[in-house]
Amino acid sequence: MASSSSLIFFLLLLLLLPCVSLAQSVGYGEQRRLRFLGKECQLDRLSGMQPRYRFESEAGVTEIFDEDDQQLQCASVSVIRRTLKPLGLFLPAFSNNPSLSFGFEHGRGQSERLGDEHQKILHFRQGDILAIPAGVAHWWYNSGDRPLVAISFSDTSSSVNQLDKTHRQFMLAGTYRKEGSRGSFGGGQQYSSSYHAFRSFDTRLLGEALGISQELAQEIQREDPRGEMVMVREGLKLVFPPSKEQLREEEEESYGGLRGSKRCEGEEETIKRSSNGVRVAFCTARLRENINDPRRADIFVPHAGWLKKLTSQKLPILGILKLSATRGVLHRQAITSPLWNVNAHCIVYVTRGRGRVQVVNDEGRAVHSGEIRQGQLLVVPQNFVMLIKAEDEGFEWVSFKTNDNAIESQIAGKASVLRGLPVDVVANAFRLRNEDAFKVKFGRADGVGIFPAHSSQEELGRPYAVV
Amino acid sequence: MASSSSLIFFLLLLLLLPCVSLAQSVGYGEQRRLRFLGKECQLDRLSGMQPRYRFESEAGVTEIFDEDDQQLQCASVSVIRRTLKPLGLFLPAFSNNPSLSFGFEHGRGQSERLGDEHQKILHFRQGDILAIPAGVAHWWYNSGDRPLVAISFSDTSSSVNQLDKTHRQFMLAGTYRKEGSRGSFGGGQQYSSSYHAFRSFDTRLLGEALGISQELAQEIQREDPRGEMVMVREGLKLVFPPSKEQLREEEEESYGGLRGSKRCEGEEETIKRSSNGVRVAFCTARLRENINDPRRADIFVPHAGWLKKLTSQKLPILGILKLSATRGVLHRQAITSPLWNVNAHCIVYVTRGRGRVQVVNDEGRAVHSGEIRQGQLLVVPQNFVMLIKAEDEGFEWVSFKTNDNAIESQIAGKASVLRGLPVDVVANAFRLRNEDAFKVKFGRADGVGIFPAHSSQEELGRPYAVV
Amino acid sequence: MASSSSLIFFLLLLLLLPCVSLAQSVGYGEQRRLRFLGKECQLDRLSGMQPRYRFESEAGVTEIFDEDDQQLQCASVSVIRRTLKPLGLFLPAFSNNPSLSFGFEHGRGQSERLGDEHQKILHFRQGDILAIPAGVAHWWYNSGDRPLVAISFSDTSSSVNQLDKTHRQFMLAGTYRKEGSRGSFGGGQQYSSSYHAFRSFDTRLLGEALGISQELAQEIQREDPRGEMVMVREGLKLVFPPSKEQLREEEEESYGGLRGSKRCEGEEETIKRSSNGVRVAFCTARLRENINDPRRADIFVPHAGWLKKLTSQKLPILGILKLSATRGVLHRQAITSPLWNVNAHCIVYVTRGRGRVQVVNDEGRAVHSGEIRQGQLLVVPQNFVMLIKAEDEGFEWVSFKTNDNAIESQIAGKASVLRGLPVDVVANAFRLRNEDAFKVKFGRADGVGIFPAHSSQEELGRPYAVV
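Protein chains in written order, with the numbering used here: chain A, 1 to 467; chain F, 1 to 467; chain W, 1 to 467.
What follows is the structure in structure tokens.
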């Protein structure tokens, strides 16, 4: 089960809530965001960010991007990067915000498909996006032989979060370290430890509630210096019901991408216990999707790169989380069309390489014009016009977006803004001669979204009918 | 009609808006909340609250919980308790927030089923939850022979409320008294009277608009010292259309619990007037549901108590209000599982008895650890882990929740968090030997949600297969 | 095409986004508003407003109502009035908020039906409401021979707007002038120019991205003093695909009012280009509706006037924008019923005449009691009770409402609050004799919504059955 030669880790989602609840996105609670409120955001200067806080656990490292930073605060997002050692267990926890996580390993590009899947315990592979609803407890385990890195993005202004606009992590075991000055990050304090939920209950009450002895309750309440990730020296032992293998086969074949949305509307019972004649039903809403495969890209441009969008249409749970993601790869010196995000903020995290990114605000001023590189984060606000050009080592990124059906408006290329403008409007708008307006409109007539290096000149001047 | 030996009161909902409007939850306006905004909430200490303001009307008493209190302000809820004397009429009014009311009588537990029902005039019985949308005018009348108490909970951060986050009561007759320092409660002023809407219109214009003489308009505008509840000395005379009795029978039988959602999608005409050939259609969206009957509980545990949830699945109008409620009864010394509310705040009002309530925040610190008793209110924030143990007199409560499909995550018992964790994860999470992890996981294996007193020891150590 | 004798202007909506995206209102992003937050609004005095800022472009005038004004800020709306000269082109732009625009010409009342329609280029006629989603680029052109006036209303607290609660206009060409002290209106600065998006990009990168020469990129980036509306001296030349005329006919006939919602769910391809074998699909979600025709009014009362509501039921795109509008005409001395808006703010813009408007708040105090006249704007907050009486020249207005299914609760007339109250409740509420309560209840028994001048006395005292 735990293949020591492959890079995976497990996730358990404790979906012990009635399946129907989670399947009902409306009933679950619509996510609503209200950003830039309370204070007015002056996004005059954006910049590539790196994590500000860091703490070590027994089995890994937690790096937190500064939630007080203007960019993250204005966009109402919280970003954490975790590195989990092999045999490391991220302890059970939940948070007040929905989140998307992207798993990867620095310096490697291949994802490996693994065989095992179980309704409660998911394999989270490199290149997977993992969607976790607010308030749902989960744990992770790295069964591979290499450290795994996960960048996790939380939407603190999600309407499901009825607490304040910070990221709060509720531990069910272990300890979390908090720093900074904002919200739950402890006003004024530089460091504070967050203990797990059981620690402060009256020991007698806790024993009674859990049906255990006071001594055992006390043991649970002991101080734990191991942090939020602990080593499982001898490897985690998991016992599965006998029918697991077959069940998985059947699921994969019969339901594929629709399993989450179809099956979960009713209830799927996969673990059947005969004790007391009561059967426990688990929910298998699909929570992950791989976005690392160029062969399944939405846009693939030879010599330029590829883009893959993951929206609620492909992963229905995103309709509940109101978040989506895009994976992008630009080859050396390739460039994107100028574009804006119609209905979402876009948080770019660079997984490899370097690129030059320009962002222009509503006043037509560049609020970012520089390089961002591997490990850095950039917030591109809604409607701001942006453009990326890869440096020689290429540019690979994952974008998290604050809308489950985020829409981009491309300015150049097929199905773009310029293509929708009559030539005479272009001419009058920019005071150009008609032939120049024609060039502006059709300069990238053949391209879609991303363009290879130095190809622009060749494509100029081709004959097109005026639309 | 007005049975003097039974405890009822009437409610008229002036649903003169097109039925279709209310039936369309999306069109009506989605509720959206954004809590804890504007200022950051420090919920370091929760405590049982009692009403702070009180004013007397001719026919009853209005008691208002302090809207400025940290707990209520952070949760963005407003709570009012009213006691209406027999023959008392709560004058027509509406508010800027949706609300749920729970009717009860101190010291009595039996609800009585009454025969009469009319599409405009509902019987609101003891143990009923009554749902009132924002902006919809209504009145109540106590046709019984004992005072009736109603605790009303309003969601001031409902997105239907586009005014500020306070409770505003718009009277169509009578006077409302406001106190305190916040919002409409009159900055700085200690007391202020709110008059009904007709009072300040130009008398001539009002007469003209209503089609009455200026003298009569003037009479309507007179000062009224009776407050918001007035005595109807000789009893309220209501005249019903002849077919009412039959209509009711038919409705009850044919539509039952689905009447609100099914029939209202079209339009149900129950009062037909032939004047001018125009028929006035009234809407009968179901607005109430009784939650006081242990026989209809969701969870019933002998010697421990029972729980009944009222969500939008049972009462569809709650899908518009985005609120739900739970009725709970714990017998002497019974205890709940530790649990958290996944997607809602939970406002607990104790209707009888005393209980010890512990609440733990994201830092693992107890923000409440004490007794709350009959007549007190406690706000339990979303995701905070809580636990209730009844004292010897038992503990009965009603919880209002800020989500129409509020979900609880139980920690112990069947279908709980602990049951979902593999034994080896429990062992590694708490550094326990496997046999102790087994006890933690299965200590409450037989129970669901609430457990009887001192039963924990007996249930320990039973043989269970490891999952 | 460009009929010089008729008053029209064109709109191009660059709906180059996948149609399905816009058709999915939920996926597009639900609009959510939270008004009156951040600061508490003291709406003690409302008043008719006129535009505060004004700037001239080559082809017209832009007049901006003060976004910092208490009324507009509390209601979270932004209002701009534009006058576009004949042959004037409003340059391509988009904004961070959804908006409704109403087109009219001062002093004229007749709208003219024009023949041409194209899926990309809409005719925006006098009396049309035009709905524009946030982040969608568009341009307008006045092909008529008279100046056209458009009053545009934006919902700055729309949840689709994830930027701050101001109106931000992103130009794709030309220049926008901003004034005032709030948000993007440049803190402290009195005047600032907003340039178009292309201006600040690195010239080399821009050329490369658009596939044009650096010289041409430089030309696009030139400073442009013409503002946001420019003259097209020789008239705009638009070339249409051959099948346009027929296509339009077919659409008009076959789909009528349902075209937007039905056809757009799939995808409608109307411009088919064979280049590269790829077909570009355009979306024809219906974006406009005429509300100027008394024959299609919802309420038409001889000698009193008429009302027409435009909600998402009639124009489905409003369900995405979460906005609606009402057109109202009151003849000389006619009066409305007192009423309140149940679930929306109401922003009244007077297109002609004068009227006396009274507005009463939750304390029963008149917060507005005076005249408003042509060209003025009044914000009527949700739930506040209002009443309008036309002066001798009549009163014509358009109301924008912050809910796509805004509901009004009429107090007098058929299907009104008073009609829903039993006579005995009216009598006890206002301490009236039964015969007077009867008069109050039935004083406007025959009317609906608006009543002609001085007709009230005649209608008194008619015999009605008590309900």
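Virtual Cβ for every residue (Gly too), placed ideally from N, Cα, C.
Keep in mind that this is a model prediction, so the values were computed, not measured.
Quick one: which chain C residues come within Cβ less than 7 Å of residue i?
| i | result |
| --- | --- |
| Lys439(A) | No chain C appears in the structure shown, which is made up of the protein chains A, F and W. |
What does the alpha-carbon distance come out to for the pair residue i and residue j?
| i | j | result |
| --- | --- | --- |
| Met231(W) | Leu89(W) | 6 Å |
| Gly370(A) | Val448(A) | 24 Å |
| Arg365(W) | Ala75(A) | 40 Å |
| Thr311(W) | Leu287(W) | 12 Å |
| Met229(A) | Asn96(F) | 47 Å |
| Val160(F) | Val136(F) | 12 Å |
| Arg354(F) | Phe384(F) | 21 Å |
| Gly211(W) | Glu363(F) | 55 Å |
| Val380(A) | Cys346(A) | 5 Å |
| Trp140(W) | Ala59(W) | 12 Å |
| Arg433(W) | Val398(W) | 40 Å |
| Glu67(W) | Arg177(A) | 43 Å |
| Phe201(F) | Thr351(W) | 25 Å |
| Ser324(A) | Lys389(F) | 42 Å |
| Gly420(A) | Leu378(F) | 58 Å |
| Val348(A) | Leu148(A) | 20 Å |
| Lys439(W) | Ala427(W) | 10 Å |
| Val367(W) | Met171(A) | 51 Å |
| Phe451(F) | Val301(F) | 7 Å |
| Pro86(A) | Asp145(A) | 5 Å |
| Leu236(A) | Ile335(A) | 46 Å |
| Ile372(W) | Leu387(W) | 12 Å |
Taking DSSP as the reference, what is the three-state secondary structure of residue i?
| i | result |
| --- | --- |
| Arg279(F) | Reliability fails at Arg279(F), whose pLDDT of 23 lies under 50, so the model's placement of it is uncertain and the value that follows must be treated cautiously. If DSSP states are grouped into helix, strand and coil, Arg279(F) belongs with coil. |
| Thr166(W) | coil |
| Val136(W) | coil |
| Pro92(F) | strand |
| Asn142(F) | strand |
| Ile129(W) | strand |
| Ser158(F) | coil |
| Ile151(F) | strand |
| Thr203(F) | helix |
| Glu219(A) | helix |
| Phe104(A) | strand |
| Leu307(F) | strand |
| Glu228(A) | coil |
Measure how close the beta-carbons of residue i and residue j come, nearest whole angstrom, since I'm counting them as under 8 Å.
| i | j | result |
| --- | --- | --- |
| Leu321(F) | Ala131(F) | 6 Å |
| Ile151(A) | Val79(A) | 7 Å |
| Gln50(A) | Gly375(A) | 6 Å |
| Glu56(A) | Gly227(A) | 7 Å |
| Arg333(F) | Ala412(F) | Rather than Arg, the amino acid found at residue 333(F) in this sequence is Gln. Wrong, their Cβ atoms sit about 17 Å apart, outside the cutoff. |
| Gln162(W) | Gln382(A) | 5 Å |
| Val77(W) | Ser154(W) | 7 Å |
Runs of alpha helix (DSSP H) lying entirely within the region 318-397 of chain A, each at least 4 residues, in chain order: 318-321
Meets three-Cβ-pair contact criterion under 8 Å: the region 395-403 of chain A and the region 341-359 of chain A: yes
Inter-stretch contact (C-beta, 8 Å, three-pair minimum) for the region 216-224 of chain W and the region 194-208 of chain W: Judged by Cβ distances under 8 Å, the region 216-224 of chain W makes contact with the region 194-208 of chain W, as three or more pairs qualify.
Segments assigned beta strand (DSSP E), at least 3 residues, entirely inside the region 48-77 of chain A: Listed in chain order, they are 53-57 and 60-64.
Beta strand (DSSP E) runs wholly inside the region 394-458 of chain F, at least 3 long, in chain order: 408-410
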